[in-house]
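What the sequence shown shows, in mature numbering (1 follows the signal peptide of the UniProt record, and there is no 0), is residues -20 to -1, 1 to 442, in sequence order. Step one of this worksheet: look at the structure below.
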Amino acid sequence: MIKHTLSMAMLMAASSFAHALSPTQPACGATVSRSWEQLEQDLALARTKDPLAAAEVLHVQSVRKAATREATYAAELAGQANDLWRAAPATAELAATLQQHAQQMGMSTCALTVPLLRTALAISEKAVGADDARTIGVLADLVRADIGRRDDTALAQDGARLMAAWAAHGDPADAQAAPVYRKMIEYYYRQQQYAQAEPLALRNLKNGEQAHGKEAAALVERLDDLAVIYYGQLRYSEGAALSQRAKAIAVKAAPDSLRAMGGRQKDVEAEMRKLFSNGDVRGAITRGEQELKSLEQTSNNYAAALQKALREREAATSASQMEQLSAVADRARSTAEASEKQLAAMRVRVAELYHHQRRYDLAEPLYQQALLNYTQAQADALELAPVKSDLAMLYRARADNERAASLQAQALEVLLPAYGPDHPDVIDSARELVLLYQRLGNPEAMAGVTARVPTAAATRAN
């Protein structure tokens, strides 16, 4: 597993999805001025005369309840409004109105936004067609909401559709397109779907060059994105060339800013790989430990900033203040989680080097700390699985077979459905598990693994 995960965490460590607020953190728009009693009267009157007017009142009520943290009631009212809108005659004007409502409510901070945008999208498709620019604009807002709420299941479908629409009909302005491209690239990278990520990274880079020029600082992150895709494909020379170009642009634009770049960690990992390949394992470890000290301090600082932002948000005295402070807290959380993932990734890199040296007493706590970092950063199961697999191999080497089998089984249960039986990480994990079950004298469990991953039958030597 170790040899396949050399660059696995690089893109995720460089950026993190904006935090999706829980039902107790609504922030769904401006303060509603009408009293609840007045809204109830307006609703009763509208229900008898105009379904669209009734839907508008229900929408306002849902925003009101979201602002007072009554999430379940807010969702119920919003659902009633969406039902009325969907039953009304489909017009471009209605779709645009709902899209504006969603934009005012907060794309990533309000749980009511996504169903509202799905209603707007359905209406726009009926009114003007799926290929109309107005419909594609609603779809783009929906994808932004999926990103903000970290809904990978929705993003897989909505994002793929948006990328296809932009490819067919042209990208919007770079300022609007680039952030969406980066999140889609990150999503596909996390899934190890490099064939999907690469053309998006190339398009985003080309758009940036056309919009800003070939030496602009805006290209640094785009070059980094494409570089880590190439690293993931084991195309190291191409990736290194892009990283060098990104570094040169960044230094030229702001000589003191390189430490803050996501590319900094990739440079450190590249140094470590070079030292390792030249046989200087001790030098690679020393370089990694130096970076760990810096990342630990940075992570602590960002964690403290997040706690301060959360305390200030809890002290909010109005809905408008709540919205502003929620946005601040979102940014602080996103930054803290990105820093936590950077720290986790570097701990894994150093742990792998100690593991290679069979210094298991030093590798084990680093793996365990990395798992904790990823968990605290709300990483998904696919980010945790390779670390669990590596730690399981360490336990096997120490003859702690039961603990190793438990961890390796957890890793395989995540890796296999995500990548399929022919992926090298899946094969490595399955073979490790077969070997462990063999040591534990469990032929039935061995047969179960080889039935799911046939190539695991050829286990490596003990």
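Glycine included, C-beta positions come from ideal geometry on N, C-alpha and C.
Setting aside the 5 residues that flank it on each side, residue 289 is surrounded in the same chain by 308, 309 and 312, each with a C-beta closer than 6 Å to its C-beta; the list follows chain order. In this structure, residue 198 lies away from residue 220, with their beta-carbon atoms at least 9 Å apart. Note that the C-beta distance between residue 347 and residue 323 is not below 9 Å. One thing to note: residue 107 has its Cβ no nearer than 9 Å to the Cβ of residue 64.
For the set 126, 147, 130 and 149, the Cα lying nearest the Cα of residue 138 is the one of 126. When the five nearest sequence neighbours on each side are left out, the beta carbons in the same chain lying within less than 6 Å of the beta carbon of residue 177 are those of 165, 168, 169 and 209, in order along the chain.
For residue 401, the secondary structure class from DSSP, reduced to helix, strand or coil, is coil. Proximity to residue 151 across 124, 116, 135 and 433 peaks at 116, based on C-alpha coordinates. Note on the segment 371 to 437: whole alpha helix (DSSP H) runs with a minimum of 4 residues are 381 to 399, 404 to 419 and 423 to 432, in chain order. Taking the C-beta atoms as reference points, residue 331 is found nearer than 9 Å to residue 370. In the DSSP assignment, residue 356 falls within the unbroken alpha helix (DSSP H) covering 340 to 356.
Shown here, residue 173 sits in coil according to DSSP, grouped into three states, outside any helix or strand.
Rounded to the nearest whole angstrom, the CA to CA distance from residue 133 to residue 94 is 13 Å. For residue 29, the enclosing alpha helix (DSSP H) covers residues 16 to 29. Cβ-Cβ distances below 6 Å link residue 163 to 127 in the same chain, with the five nearest sequence neighbours on each side left out; the list follows chain order.
The segment 387 to 398 and the segment 337 to 355 do not touch, with fewer than three beta-carbon pairs separated by less than 8 Å.
DSSP places residue 84 within a helical segment (H, G or I) once states are collapsed to three.
In this structure, the straight-line span from the alpha carbon of residue 306 to that of residue 142 is close to 28 Å.
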